[in-house]
Structures are given as structure tokens and as C-alpha cells.
Amino acid sequence: MSGLRREDGPAHRLDALRGTTPPKPHDARAIAALAANPGCARRALMDGAGVDKDAAARHLGFPAPFGQSPFAITRGNAFEALVKADGCAELLRLLREVLGLPVAEVAYHDVENVGAHLRHTHTRALFDRAARGDQDAGTLFDHPLLSLEIAGHVAFLEPDVVAFQLSGRFHVVEIKSFAVVDGQADPGAVAAAARQAAVYVLALRTMLEELGHDPLTVSHDVVLVCPENFANRPVATLVDVRRQLAVLRRQLTRMTGLDRLLAALPDDLSFDLRPGEDGRPTRPVAELADALHRTTARYAPDCLSTCDLCFFCRDEARQEGASDLLGRQVRDELGGVASVAEALGLADGLRDPADGQEEIAGLLRNAERLRRECLS
Ligand code: SF4
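One point on numbering: in numbering that gives the first Met the number 0, the residue at position 142 of the sequence shown is 141, and numbering is uninterrupted.
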């Protein structure tokens, strides 16, 4: 994957946008969230520049509503430990069920046993041997350390575990502690897990390609392991992440081609927090807010679970009366009508449609007529 280099113009401009703080590394959760709102220029710019969005949101007085409770973290860790106990014995049982993994072919490698600084190199060597078909290379790889280049920065990623089947395919395994009840799980949680697993699939495919192997030996079917019916007994399901992979690729390509977005920004625009000697931001809040307002956001209610700036952008959308507040589906159907006031004006005929709005204006007038008929 190509990326911006520090000495290039756009990379220099991204450094200037970030200002005096070092770039914030991306983890898999952050990269997965990129795919949640690919149309947002504000997010693409801030992530491309490596801006700490959480710190910016706090300084602006709009801290993000994220962070798991200590109870949820403990529960998640306990469930992962159960699945991986005794050399992943329970996981192997599940993999045999969903992938048809033959017992005799299982060999377990925990890459975490290798020194931290060597983990990435060791991971590459292990997967290289496994992809070549070396008999002793292993079947299950726990704690591998993968990497992915995001707008010129290398992000290191740790999948929960990667299973390798001797018939020639790698499968990413994602262990999550949300429950599957009667075969159903929270669709939002499954979608987030699928986006995160897609990041690992892409990182693994990139690594295999760099090593000269066929990247498609990494399956787009990931194994999602969750507790069943609120008990701790794990259950595994195959989840197809092709759609998430396509969105992620598009968004990463967009981030490595930020030139067009950068060219539209004023030269003096910066998201710098100007940290003082104690590391706390010293930049006047109004000045930072003004810098953000000068970039185009695409707020949607989904932002509330995926982006640190969600409360700031929601407040901005409320003040503007933006149609974005009504959700992505309504926004897409209103294509080109930016505010609720504009939509209402077109619906009751008090506002003339601008060029290109004739069709949506007709639909809105029709909907308004039907509404009046129903009410009367
Ligand atoms: S919260 Fe704001 S910056 Fe983040 S994705 Fe949504 S609109 Fe973009």
C-alpha cells in the first residue's frame, strides 16, 4: 500500500495540521472506525494527520462517551482466557465445528512468548513458513503482531488469534464478550466486530503479499467467538467481512490521497492543541472549535459509537439544523438538501428548488400532501 512520506508536501501539511504533539498511533479499533463514516472529510483529515481526537474532544468540552466499564473489561478478559485456556483447547473444539479443522493437524504457537521487539519479525517469519506449507510452522497463531500503513504511519495490530488450516487458508478469529442469545446477537456489536476483523484480514493479506504469497489465502470469513445465552460457554460463527473490507480499502486509499482535501483548506488551519510543559492543551477552546468548523463533517447518529468527536459534531449539526441528525438513510434520501429547514421549505412549497433539487423537491411536496391528507 502506498502512503504519504514525511518529505512530501501533503505529509508536511498533515504534520502542520497536527501541530506540536506526536502522531497518535492507530489501533485496530480506530482503523475499523474509519470505515464507519467514510464520507467525513473532518475525520479523514484528523486521522490522516494522526491528531488525538479524544484529547481534542476533551479540550473542546465534548468528551466522547466511550470506554468500557471495569466490570465489562474484566468479563471480557475472563472470557478470552477461558477460550484460550490449555493451548486454546476450547477454541480448537469450536474451530473443528465451524472450519472442519482435523485434530491431527493442530499445532499452537503463542507469539507473545517472543520478546516484544521481535514479535513483528517473528510473526512474519512464522506466516511465511506456514504459507509455504512447512509442516512445523503451526496451525494456530496466538498474539501475532501485524502492521498496516495508514496515511504514511505504520500501525501495529494484534488480532486475538489467527487460525491456519492445512488445506491452505488462514482465518482470523475475533473473541468478543457480547452474548449470542438464541442464535442472535446485538447487530451493532456484530457490525463493529466485523469491521475490526476486516482490519486484521487486510493487514494479514498485505503481509502475505509483501512476502510473495497469494493474499487471498486469508479468508474473508472470520470466526467470531462469543458467549452463548449469558453463560460462559463459547459459540463460534463465521462472519463474511467482504463488504467491510471494501469500505476499509476505499477509506485507506482516500487517506493516502488526501491532497484534494488538503488543497481546499486555508493555509493557516491547524488542529494543534499547543500542549504546555505539563502536557495539557493551552490553545483557546474557541480557536480550536473554529478550526474544526472550517472542515466539512458528515455527522450521523452512528458517530456516537465510533468517533471521539461525536458530541462536538452533533452539537454543530444541531446548531445548523442539519438533516444529518436524522440518520444516514434519511440524509442519503434527501441527497443535496443539507438542513431540516430547507427540506421543510421545499416540502410546503415556500422555497424554490435549487439546480438539481427538482426531483427531491417533488418527492417532498408529495410526502407533505399525503401527510396533510392523513391528518385531515
Ligand atoms: S463524529 Fe464528526 S468527525 Fe467523527 S465521523 Fe462523525 S462527523 Fe466525522
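Each residue gets a CB set at the ideal place from its N, CA and C atoms; glycine is no exception.
Close beta carbons around residue i, own chain, < 8 Å, minus the five adjacent residues each side
i	result
D7	In this prediction, D7 scores a pLDDT of 48, lower than 50, which makes its location untrustworthy; the coordinate-derived value is nonetheless stated afterwards. The answer is none, since no qualifying residue turns up.
L81	E89, N231, P233
D185	F177
Start and end residues, alpha helix (DSSP H) containing residue i
i	result
E209	186 to 209
E157	Run containing E157: none; DSSP gives neither H nor E here.
L90	69 to 98
S304	302 to 305
G320	No alpha helix (DSSP H) holds G320; DSSP gives it neither H nor E.
V339	339 to 346
E367	357 to 374
G47	40 to 48
K23	Careful: K23 lies outside any alpha helix (DSSP H) and carries neither H nor E.
E286	284 to 292
R123	118 to 131
H58	52 to 58
Per DSSP, the bridge partner or partners of residue i
i	result
T236	L223
L145	L156
V217	F169
P328	According to the sequence provided, residue 328 is Gln. The question's Pro does not apply to it. DSSP output for Q328 lists no bridge partner at all.
Q183	V180
Q164	R168
P64	P64 is not bridged to any residue.
L274	Here residue 274 is Pro; the residue named in the question, Leu, does not match the sequence. Beta-bridge pairing links P274 to P280.
Own chain, CB closer than 7 Å to residue i, minus 5 neighbours either side, in chain order
i	result
R293	P265, L268
T19	D271, R273, P274
G60	V284
G75	S176
L333	S322, A342, I359
E367	A346, D347
T216	A130, G167, R168, F169, L207
L237	V97, D220, V222
G38	R297
A290	L268, S269, F270
D127	L210
S338	E319, G320, A321, S322
V329	S322
Between the CA atoms of residue j and residue i - distance to the nearest angstrom
i	j	result
F140	H119	13 Å
T252	C373	48 Å
N231	T305	27 Å
R279	R12	24 Å
M45	D51	8 Å
E148	A154	6 Å
L201	A316	33 Å
R248	R242	10 Å
C309	A63	7 Å
C83	P214	One point to set straight first is that residue 83 is Lys, not Cys, in the sequence displayed. Using only the alpha carbons, I get a separation of about 27 Å.
V172	Q164	12 Å
E79	V224	9 Å
S146	D85	28 Å
P300	R41	16 Å
A263	V246	24 Å
S375	L362	20 Å
D314	G320	10 Å
A124	D133	11 Å
R282	A288	10 Å
F65	L349	42 Å
P226	L257	41 Å
G49	L33	13 Å
D307	A54	9 Å
Bounding residues of the beta strand (DSSP E) (the contiguous stretch that carries residue i)
i	result
D109	107 to 109
F169	168 to 174
D141	139 to 141
Counted within 10 angstroms of its Cβ, other Cβ atoms place residue i as buried (16 or more) or exposed
i	result
Q183	exposed
N228	exposed
G326	exposed
L261	buried
D73	With the sequence shown as reference, residue 73 is identified as Thr, and Asp is not the correct amino acid for it. The residue in question, T73, is exposed, as its Cβ has fewer than 16 Cβ neighbours within 10 Å.
G137	buried
E286	exposed
P352	buried
F36	For the sequence presented, residue 36 should be read as Asn rather than Phe. So N36 counts as buried.
P158	buried
A192	buried
A77	exposed
T122	buried
A56	buried
D239	exposed
A117	The question names Ala, but residue 117 is Leu in the sequence shown. Flag for L117 reads exposed.
Residues near residue i in its chain [Cβ-Cβ closer than 6 Å; skip 5 each side]
i	result
A188	F177
E111	H142
V198	A27, I30, A31
V180	N228
A106	G137, T138
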